[in-house]
Amino acid sequence: MVLLGSFAFVGLVSLAVGVITAVDAGSLPDWAFERAGTSKTLWIVLPLVGAFACGVVSLIAAFLWFTSYKPRVVAASRNAS
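Our numbering runs 6 ahead of the 1-based position in the sequence shown.
Have a look at this one:
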């Protein structure tokens, strides 16, 4: 019973992290993603699909978004001319 509860908890955490990542990525402008060399669609879809397909994918996508790609996209949006 505890094992089932643990799996449910990990699934809910993965879903929550995926939604937070997708919403955060969706809040930035499309052109900033283009300037940063990445895709807005990728960072909205990947964490959500990852949460349903395999929770680990969602967690890895969130880690990559917040540590590597988001800073690049934010920097690109600040350097608008």
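For glycine and all other residues, C-beta sits at the position ideal for the given N, C-alpha and C. All values reported here derive from a predicted model rather than from experimental measurement.
Distance CB(residue i)-CB(residue j) smaller than 8 Å
i      : j      : result
Val-75 : Trp-49 : The sequence given here has Tyr at residue 75, not Val. Going by C-beta atoms, Tyr-75 is nearer than 8 Å to Trp-49.
Ser-64 : Ser-12 : no
Phe-39 : Val-79 : yes
Ala-67 : Arg-41 : no
Minimum C-alpha distance to residue i - residue among the options
i      : options                        : result
Trp-71 : Asn-85, Val-62, Pro-35, Pro-53 : Pro-53
Thr-27 : Val-51, Gly-17, Thr-44, Phe-39 : Val-51
Val-23 : Met-7, Cys-60, Ala-42          : Cys-60
Leu-17 : Val-55, Arg-41, Ser-83         : At residue 17 the sequence reads Gly, which differs from the Leu that was named. The candidate whose alpha carbon is nearest that of Gly-17 is Val-55.
For residue i, three-class secondary structure by DSSP
i      : result
Phe-47 : It should be noted that the sequence gives Thr, not Phe, for residue 47. Three-state result, Thr-47: helix.
Per-residue burial, residue i [other beta carbons within 10 Å of its own, 16 or more giving buried]
i      : result
Phe-69 : exposed
Val-33 : According to the sequence as given, residue 33 is Ser; it is not Val. Exposed: under 16 other Cβ atoms inside 10 Å.
Thr-73 : exposed
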